[in-house]
Amino acid sequence: MQPNQIRKLWYLLILFTAWQLTITLLSDGFVLSFDESIWHYIGRNWFKNGLVPYNGGTDNKSPLIFAIFGISDWLFGVNYWFPRVLATLCQTAGIYYLFRIAQKVAGEKAALAAAFCYGITLLWHATGSRFVAFTETYEVLFLLMAINRYLRSCKNTDLVLSGILAGLALDFRLSAAFVVLAMVVYMLGRKKLLDAGWFSVGVIMGLAVLLMVCVLAGINIHDLGLNMLTDNFSRGSATDHSMAYKLRSLLSKFIYSPMAMLYPLTIVGFFVRKQHAALFILWLVLAFTAINFIGIYDVVHLKEVLPPLAILNGCAVAYFTSKYKLQLRYALLIIAGLFVPRMSEALRNASILLGEAPPKLSYGQPPYINPPEGDRKLLAKWVRDNTKPTDLVLVHSFGTQVQVYSERVSPSIYFNITQTSVAKARFKQDLQQKKPAMILVPLFPEYDNLVDADLRMFVKQMVERGYYLDRCMYNYQIYRLRK
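Those letters in the sequence shown? Residues 78 to 560, per my numbering, in order.
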């Protein structure tokens with residue numbers, strides 16, 4: 078790579094790192110988001126209280142994401158910035174490896190254009206710009222590293238290393254299996270049976286890393302499989318949606334969204350880039366299949382299809398700039414003009430940098446608004462100041478920030494909204510065996526709309542039998558255990 082190309086790449090990496098930080102550090106009221114609070118709570122229970130994942134708190138994620146947040150708590154206490162800065166650096170590393178992939182298959186111009194497209198699309202609200210400290214960030218990074226290593230492989234050890242990196246992607250998120258399958262199918266399609274074999278050996282070695290972590294930490298393997306896989310597709314799980322919901326979500330996320338701007342150049346990129354084009358199409362198709370297979374259509378899931386889209390867009394841009402003798406900088410300016418307005422968080426956060434105060438909200442009266450993350454943090458401070466460190470505190474749904482910032486342990490491992498039959502049975506069993514000193518019940522409509530009636534009735538009857546209403550704060554009714 079020429080010195081001026083290296084300089085341009087560094088400019089891009091620094092620009093997008095800074096741009097990402099203005100979103101990740103200034104959004105969500107300087108507070109852990111709902112999901113981040115879940116992982117921080119489980120990670121803290123693991124590293125601080127010796128309660129391993131799925132025993133000190135349950136979520137349908139890998140222990141590796143809990144470990145990141147547990148390390149964050151161990152180093153800096155309850156904070157939101159460390160996991161977001163770490164994940165931002167990982168996304169920047171992902172931009173670098175995407176550049177390397179595009180450079181290998183289509184040259185410098187395509188690589189710069191692809192990295193530029195990828196960097197901007199990561200900042201879109203439609204692709205979960207502020208939700209950076211999620212499993213998708215680490216999954217996509219390791220997949221990019223794996224594909225880069227495969228394309229540059231010269232010997233069998235390179236193929237094994239590529240497989241190990243792909244296995245680590247699987248360790249963070251099982252949906253990476255679809256992209257791993259794309260790589261194996263591509264190798265077999267090129268009649269590279271031995272390559273596929275060595276790569277598969279590496280994948281198994283990568284998966285063994287997660288199993289070793291579980292064995293060494295004392296995490297039950299059955300609990301790992303239940304929470305990461307089987308219970309995610311049962312009735313009442315996060316994936317339990319109607320076909321009408323899934324169709325609306327599919328159209329919303331992929332058609333009536335900024336994502337549609339990527340499709341024309343993607344088609345062009347496929348036809349103009351013959352070398353390894355099949356790999357990128359397989360990557361795109363199977364990553365898209367994974368999103369539909371899960372069927373939640375969360376914005377962060379779209380991060381999985383961005384790399385192949387960006388690479389094919391970069392190939393198309395390089396083709397047009399060469400054919401029509403257009404300087405790359407002008408093509409990138411056109412892309413920026415189309416893509417940057419979709420970065421709503423970055424534009425909104427400019428008001429925070431200018432010192433604009435958030436609006437004050439009214440509580441304690443209909444329609445009982447659902448408080449934002451910052452106010453839940455204030456409620457958590459009150460809970461912490463009015464309970465003992467050994468007290469158990471139950472925030473029945475919509476309270477992960479309260480749970481984590483109060484630094485109090487929930488009486489149940491299902492402290493968030495998980496409503497499978499397994500979760501409901503365990504929740505009721507935990508509450509019957511361990512009476513919390515304080516129970517917080519939401520007043521806002523989302524509680525009635527999203528929490529099943531049998532769980533709400535169970536908590537209501539429990540409160541009526543042994544608790545008294547202390548007060549209402551931030552639209553949560555706060556009950557204390559009768560002495």
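All C-beta atoms, glycine included, are put in the ideal place defined by N, C-alpha and C.
Just to confirm, is the Cβ distance from residue i to residue j under 7 Å?
i      : j      : result
Ile298 : Cys291 : yes
Gly106 : Phe143 : no
Ser487 : Gln478 : no
Ala246 : Leu284 : no
Ala423 : Thr99  : yes
Ala203 : Pro335 : yes
Val256 : Thr101 : no
Ala393 : Val460 : no
Tyr482 : Lys454 : yes
Ile388 : Ala179 : yes
Thr169 : Leu92  : no
Leu236 : Phe276 : yes
Leu405 : Met550 : no
Val261 : Leu359 : no
Leu520 : Tyr440 : no
Phe124 : Gly147 : yes
Phe357 : Val382 : no
Ile561 : Ala192 : The structure shown does not extend to residue 561, since the chain is modelled only from 78 to 560, so the question has no answer here.
His473 : Val540 : no
Glu185 : Gln352 : no
Ile296 : Pro436 : no
Leu265 : Ala254 : no
Asn304 : Thr135 : yes
Gly133 : Val376 : no
Ala259 : Leu363 : yes
Asp462 : Ser489 : no
Leaving out five residues before and five after residue i in sequence, what residues of the same chain have Cβ atoms less than 6 Å from its Cβ?
i      : result
Leu128 : Asn122
Asn426 : Thr99 and Leu103
Met222 : Tyr174 and Leu242
Trp116 : Ile142, Phe143 and Phe146
Ala294 : Val129
Ala354 : Phe347
Gln538 : none
Leu532 : none
Pop quiz: residue i and residue j are said to be a contact at Cβ under 8 Å. What is the actual Cβ separation, rounded to whole angstroms?
i      : j      : result
Thr385 : Leu409 : Checking the sequence shown, residue 385 turns out to be Pro, not Thr. The Cβ separation is near 20 Å, so there is no contact.
Lys380 : Glu213 : 5 Å
Arg226 : Leu242 : 6 Å
Lys512 : Phe535 : No, Lys512 and Phe535 are not in contact; Cβ-Cβ is about 14 Å, not under 8 Å.
Gly244 : Val286 : 7 Å
Tyr69  : Val349 : Because the chain in this structure spans residues 78 to 560, residue 69 falls outside the shown range and cannot be described.
Lys330 : Gly372 : Between Gly372 and Lys330 the Cβ distance is about 11 Å, and since that is not below 8 Å, they are no contact.
Leu218 : Tyr157 : The pair is not a contact, with the Cβ atoms about 20 Å apart (cut-off 8 Å).
Leu498 : Ser319 : Here residue 498 is Ser; the residue named in the question, Leu, does not match the sequence. In fact, because the Cβ distance is near 19 Å, the residues do not count as touching under 8 Å.
Ala188 : Phe176 : 5 Å
Leu342 : Tyr131 : Actually they are not in contact, since the Cβ atoms of Leu342 and Tyr131 sit about 44 Å apart, beyond 8 Å.
Provide the residue(s) that pair with residue i in DSSP beta bridges, ordered along the chain.
i      : result
Tyr553 : Pro519 and Met550
Val278 : In the DSSP output, where bridge partners are listed per residue, Val278 has none listed.
Leu558 : Tyr544
Val486 : Leu469
Only counting the same chain, and skipping five residues up and downstream in sequence, which positions put a Cβ closer than 7 Å to that of residue i?
i      : result
Tyr215 : Cys167 and Phe249
Asp547 : Ile555, Tyr556 and Arg557
Trp96  : Leu200 and Ala423
Asn309 : Asn137, Ala315 and Thr316
Arg161 : Thr101, Leu102, Val209 and Ala210
Val278 : Val237 and Gly240
Ser326 : Tyr374
For residue i, which residues in the same chain have their Cβ closer than 8 Å to its Cβ, ignoring the five residues on either side in sequence?
i      : result
Ala514 : Thr464, Lys465, Asp468, Leu469, Val470, Arg557 and Leu558
Phe416 : Cys194, Ile197, Thr198, Trp201, Pro335 and Met338
Asp529 : Gly313, Gln496 and Lys501
Leu306 : Leu251
Tyr544 : Ile516, Tyr556, Arg557, Leu558 and Arg559
Leu438 : Ile446, Pro448, Pro449 and Asp452
Leu403 : Phe397
Asp150 : His117, Gly120, Arg121, Phe124, Lys125 and Asn156
Given 6 Å as the limit, tell me if residue i has its C-beta closer than that to any heavy atom belonging to the ligand ATP.
i      : result
Pro513 : Only the bare structure without any ligand can be found here, which leaves the ligand ATP out of the picture.
message = My parser needs the beta strand (DSSP E) runs of 3 or more residues fully inside the region 106-172; what are they?
response = When DSSP assignments are scanned along the region 106-172, no uninterrupted stretch of beta strand (DSSP E) that is 3 or more residues long falls wholly within it.
inquiry  = I'd like the ranges of any alpha helix (DSSP H) spanning at least 4 consecutive residues and lying wholly in the region 303-362.
reply    = DSSP runs (the alpha helix (DSSP H)) wholly in the region 303-362: 320-331 and 340-349.
message = Extract the residue ranges of the alpha helix (DSSP H) inside the region 428-482, only unbroken runs of 4 or more that lie entirely within it.
response = The region 428-482 is shown to contain whole alpha helix (DSSP H) runs of 4 or more residues at 450-462, in chain order.
request  = Would you list, in sequence order, the uninterrupted alpha helix (DSSP H) runs of no fewer than 4 residues that lie entirely inside the region 207-293?
outcome  = Considered as a whole, the region 207-293 harbours 212-228, 233-249 and 253-266 as its complete alpha helix (DSSP H) runs of no fewer than 4 residues, in chain order.
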